[in-house]
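Notes to accompany the following structure.
Shown next, in the form of structure tokens:
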């Protein structure tokens, strides 16, 4: 529940000052009008009160208005009652009534408005007049009109404050939602970058680690084979650095920048050739009809790359069979099957994120991924990807 203190915003000193000055100016205007109606040569206690007591009560009312937002009803009623004995306090009473109306509390505002009219009628005879005040309906209608205008202005101010408060809350809510969406986008982008880094570098670094492992465990190798493995390590390291530069270049590029060329089905023979050059016995069979979308082709490449990387790390000396087949409307099937390790060799550390990232990639493409060891030894990595028929194709 919102308290009175929180219902209206706190005023700055400048805002408080001009409101009080406006109330004082209105009171002075009423005081001058009343003084101009005094009979010529008027004297007596009431005239003396107008010069001395009236300003003092008005000053006290203006000072009391400083606390009107903390004690709105009490201050408003007190100032209205005090205005019965002070014409100068009329401006202060109208300001207090306007401030109360801005709180949009009809019952309290109605009581204060009726009391304002009553005190204005009773205070009409506070000082002597040269002429009669006129009929009673006129004496009542003038303060009623003024009080009605003040209440309407206060209600409009309160409605505007409520609208501004609602808009501010909506803006804050929108900013929180935007911050949450930005945080989610950053997390997704980090995951995408992590998958891309793994897909690009894991295969190359794993092959380099395999070659280094062979050099460390086979001191009896001929010099020409040692030289060939050393060249393979150097070439693999160089290619890994080039691929890393490509990824970092994309990260540094502007949103309008170009991404590096993405792999496709046409790059599978080169990928298999690299694996063969490093000692893997790989057979590739491709029986596809047509060209799948770039996203599906890239996913196929990553599946084969991950399968060859895992075979090199966990099944050195194994025979690896890679098959890719399918057509538009029937889907695309990818299988990487190895026969199991033919010799024991210390492999590189296992990250455990390769198959997890590959599962996420295949899932985003709308496909299914399966990986399991074979009963007689070996390991199978298989995936089925959608290949919808493009519009306009036969």
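Residue numbers (the UniProt record's numbering): 1 to 394. Heads up, the beta-carbon is just placed ideally off N, CA and C, and yes, glycines get one too. All values reported here derive from a predicted model rather than from experimental measurement.
Output needed for residue 154: all residues of its chain with C-beta closer than 6 Å, excluding positions within five of it in sequence on either side, in chain order. Residue numbering aside, residue 154 sits at position 154 when the chain shown is read from its first letter. Taken in chain order, the residues that qualify are 98, 101 and 102.
When you compare the CB positions of residue 365 and residue 295, do they come within less than 8 Å of one another, or not? Here residue 365 refers to the residue found at position 365 of the chain shown. Here residue 295 refers to the residue found at position 295 of the chain shown. Yes, the pair counts as a contact, with Cβ atoms nearer than the cut-off.
Residues bridged to residue 267 by DSSP? Within the chain shown, the letter at position 267 stands for residue 267. For residue 267, which the question treats as bridged, DSSP gives no partner whatsoever.
May I ask you to verify whether the segment 79-98 touches the segment 50-70, counting CB pairs closer than 8 Å and requiring at least 3? Yes, they touch.
From what residue to what residue does the alpha helix (DSSP H) around residue 46 run? As a working mapping, residue 46 is identified with position 46 in the chain shown. Note, residue 46: alpha helix (DSSP H), 45-51.
Give the C-beta separation of residue 449 and residue 328 to the nearest angstrom, bearing in mind that I take them to be a contact with Cβ-Cβ under 8 Å. This structure leaves residue 449 out entirely; the chain is present only between 1 and 394.
How would you call residue 385, buried or exposed, if buried means at least 16 neighbouring beta carbons within 10 angstroms? Position 385 of the chain shown, counted from the first residue, corresponds to residue 385. It counts as buried.
Taking the Cβ atom as the reference point for each residue, do residue 362 and residue 371 lie within a distance shorter than 8 Å? Taking the chain shown and counting its residues from 1, the one referred to as residue 362 is at position 362. Taking the chain shown and counting its residues from 1, the one referred to as residue 371 is at position 371. No. Outside cutoff.
Where residue 29 sits in the DSSP three-state scheme: For the purposes of this step, residue 29 is taken as residue 29 along the chain shown, with counting starting at 1. In the three-state reduction of the DSSP assignment, residue 29 falls in the helix class, which pools H, G and I.
Can you find a heavy atom of the ligand HEM that lies under 7 Å from the Cβ of residue 29? The model on display carries no ligand, and the ligand HEM is accordingly not part of it.
In or out: residue 335 buried (at least 16 other Cβ within 10 Å) or exposed? Numbered from its first residue, the chain shown carries residue 335 at position 335. Buried, by the Cβ-count rule.
Return the CA-CA distance between residue 127 and residue 88, expressed in angstroms with no decimal places. Here residue 127 corresponds to residue number 127 of the chain shown, with the count starting at 1. Here residue 88 corresponds to residue number 88 of the chain shown, with the count starting at 1. Each residue's Cα considered, the two are about 13 Å apart.
Contact the segment 268-287 vs the segment 305-318: 3+ CB pairs below 8 Å: Counting Cβ pairs under 8 Å, three or more are found: they touch.
Please report the distance separating the alpha-carbon of residue 37 from that of residue 25. Your numbering for residue 37 matches position 37 in the chain shown. Your numbering for residue 25 matches position 25 in the chain shown. About 19 Å.
Which runs of the beta strand (DSSP E) at least 3 residues long sit entirely within the UniProt domain "Histidine kinase/HSP90-like ATPase" (298-386)? Give them in chain order. Counting only runs of 3 or more, we get 319-327, 331-338, 368-373 and 379-385.
Excluding the five sequence neighbours on either side, which residues of its own chain have a C-beta within less than 7 Å of the C-beta of residue 304, listed in chain order? Within the chain shown, numbered from 1, the residue matching residue 304 stands at position 304. Cβ within range, chain order: 268, 271, 322, 334 and 336.
Which value, in whole angstroms, describes the spacing of the CA atoms of residue 307 and residue 185? Locating residue 307 in the chain shown gives position 307, where the first residue counts as 1. Locating residue 185 in the chain shown gives position 185, where the first residue counts as 1. Between residue 307 and residue 185, the C-alpha separation is close to 30 Å.
Does residue 314 have its Cβ less than 8 Å from a Cβ in chain B? The chain labelled as chain B is not found in the depicted structure, where only one protein chain is given.
Burial state of residue 257 (16 or more Cβ within 10 Å): Counted from its first residue, the chain shown places residue 257 at position 257. Because the pLDDT of residue 257 is 44, which lies under 50, any placement of that residue in the model is unreliable, and the number read from its coordinates should be weighed accordingly. Answer is exposed; the Cβ neighbour count stays below 16.
As assigned by DSSP and simplified to three states, the class of residue 126: Counted from its first residue, the chain shown places residue 126 at position 126. Residue 126 falls in the coil class under three-state DSSP.
Rank 30, 174, 163 and 94 by C-alpha distance to the C-alpha of residue 147 and give the top, closest one. In the chain shown, the residue the question calls residue 147 occupies position 147. Comparing Cα positions, the closest option is 94.
List the whole-angstrom C-beta distance separating residue 208 from residue 240, where the pair is believed to meet the contact cut-off of C-beta under 8 Å. Numbered from 1 along the chain shown, position 208 holds the residue referred to as residue 208. Numbered from 1 along the chain shown, position 240 holds the residue referred to as residue 240. Taking C-beta atoms under 8 Å as the contact rule, residue 208 and residue 240 qualify, at a distance of about 7 Å.
Could you give the distance in angstroms between the alpha-carbon of residue 395 and the alpha-carbon of residue 222? Lying outside 1 to 394, the shown extent of the chain, residue 395 is not represented and no answer is given.
Reference residue 354, options 172, 369 and 341, closest by Cα: Counted from its first residue, the chain shown places residue 354 at position 354. Closest option to residue 354, judged by alpha-carbon separation, among 172, 369 and 341: 369.
So which of 225, 51 and 291 has the shortest CA-CA distance to residue 332? As a working note, residue 332 is residue 332 in the chain shown. Of the candidates 225, 51 and 291, the one whose C-alpha sits nearest the C-alpha of residue 332 is 291.
Take residue 210 as the anchor and find which of 35, 314 and 357 has the nearest alpha-carbon. As a first step, residue 210 is located in the chain shown; it is residue number 210 there, counting from the start. The shortest Cα separation from residue 210 among 35, 314 and 357 belongs to 314.
If residue 73 and residue 108 are in contact, beta carbons under 8 Å, what's the gap, nearest whole angstrom? As a first step, residue 73 must be located in the chain shown, where it is residue number 73. As a first step, residue 108 must be located in the chain shown, where it is residue number 108. Contact flag correct, Cβ pair sits at about 5 Å.
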